[in-house]
Each structure stands twice: as C-alpha cells, then as structure tokens.
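Residue numbers (the UniProt record's numbering): 1 to 188.
Each residue gets a CB set at the ideal place from its N, CA and C atoms; glycine is no exception.
Encoded as structure tokens, the structure appears first; notes follow it.
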C-alpha cells in the first residue's frame with residue numbers, strides 16, 4: 001500500500017473520527033482528567049504516511065451486549081505506511097502499569113480492533129478498495145517512572161509496553177519528535 005491509497009482512505013472517513021495535524025504535528029489528547037499523560041504530540045516528517053483516528057465514546061462506539069462493555073475504545077489508532085506496508089497501532093494511554101489497567105487496555109483495544117474491521121469492511125463495500133493490514137500492534141503507553149523492569153512485550157496478548165517521558169510534567173505533555181517516531185512506532 002502507498003500513501004496515495006492511505007490518502008484516499010483518509011478522505012473517505014468522516015472528519016470527527018480523524019485527528020488532524022497542526023502543521024507537521026498530530027496531538028492526541030487524553031480525556032481522563034486524572035491521567036498523568038494529558039496529551040502526546042507526534043511531530044512527523046511525512047504526515048501523508050500516517051492517519052490517526054480517535055473514536056468518540058458513545059458516538060463511534062455502541063453498547064450492544066449485556067455483560068460486556070462494547071462501547072469502549074482505545075485512545076487512538078494509528079495507520080502507518082512503512083516500506084509500502086500498512087501497519088496499524090491500537091494505542092491506549094494509562095497513568096501507570098498494573099494488571100487491572102492492562103486488562104482494561106486489552107478490552108478497549110479489542111473493541112477498537114472490531115471497530116476498524118467494521119470500518120474497513122464498509123470501505124470495501126462502498127469504495128471497492130480492499131485495504132490489507134500487514135501488521136497490527138497493541139500499545140500500552142504509560143509514564144516512565146525511574147528504572148523500569150517491566151517487559152516490553154506480552155506474547156500471550158500481543159500487548160507492547162511503551163514507557164514514555166513526560167517532558168512537560170506540569171501540563172502532562174509527551175513529545176515524540178520526528179527523529180524518534182520510528183523508535184516509538186517500532187516494527188517488530
């Protein structure tokens with residue numbers, strides 16, 4: 001897949017699902033007031049290689065089943081073109097690492113993955129363009145706290161842990177510069 005096809009897909013999607021760049025910077029905001037990470041700023045060299053989506057709870061999510069919270073979603077979803085392959089990162093921001101947070105993050109990510117499957121099937125139905133995802137990654141993003149001895153990856157869940165430095169602690173801002181994008185969005 002090339003960024004030309006990603007652009008066509010981007011243009012087909014409703015604006016309220018997309019996080020639009022300001023210049024060469026995408027800003028993802030965390031809605032939970034108690035979160036230590038309030039926003040993540042991604043500075044990109046080539047924004048055409050990226051599409052970032054954000055589901056608005058109860059607008060882009062549905063409560064469909066009893067006993068299962070299907071109206072949840074992860075914080076943001078990144079579509080990235082890398083070496084002509086489409087890679088999707090389902091990303092959840094948490095204030096710390098814990099088993100409870102991990103389980104919640106997995107439920108949110110799984111709901112968003114189902115949503116993306118649904119969105120892509122609609123796109124194929126109406127635009128007759130099949131989008132093939134080469135790889136998918138589940139990211140659990142949390143603040144770096146001292147020396148971390150946590151694993152980077154949980155094979156059982158496919159969850160990848162990203163501890164990030166909060167550069168502006170007062171405002172809870174994480175900045176990922178263009179020279180750190182490949183490190184942040186690793187290709188495993």
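Secondary structure at residue 77: strand, using DSSP grouped into helix, strand and coil. Counting the other Cβ atoms within 10 Å of the Cβ of residue 98 gives fewer than 16, which makes it exposed.
Bounds of the beta strand (DSSP E) holding residue 160 are 159-164.
Beta-bridge partners assigned by DSSP to residue 112: none are found. Take residue 136, set aside five residues on each side of it, and the residues of its chain with a beta-carbon closer than 6 angstroms to its own are 88, in chain order.
Taking the CA atoms as reference points, residue 38 sits about 6 angstroms from residue 29.
The bridge partners DSSP lists for residue 86 are 81. Beyond the five residues adjoining it in sequence on each side, residue 34 comes within less than 8 angstroms, by CB distance, of 95 in the same chain, given in chain order. Under DSSP, residue 17 shares a beta bridge with no residue.
Rounded to the nearest angstrom, the gap between the Cα atoms of residue 176 and residue 40 is 7 angstroms.
The continuous alpha helix (DSSP H) containing residue 184 extends over residues 181-184.
Under DSSP, residue 91 shares a beta bridge with 76, 139. Residue 102 sits in a helix when the DSSP states are folded into three classes.
The beta carbons of residue 76 and residue 109 sit no closer together than 8 angstroms. Nearest Cα to residue 16 within the set 56, 22, 164, 74: 56.
By the Cβ neighbour-count rule, residue 153 is exposed, with fewer than 16 other Cβ atoms within 10 Å of its own. Residue environment: residue 162 is assigned as buried (16 or more neighbouring CB atoms within 10 Å of its CB, all protein chains considered). DSSP lists 27, 175 as the bridge partner or partners of residue 41.
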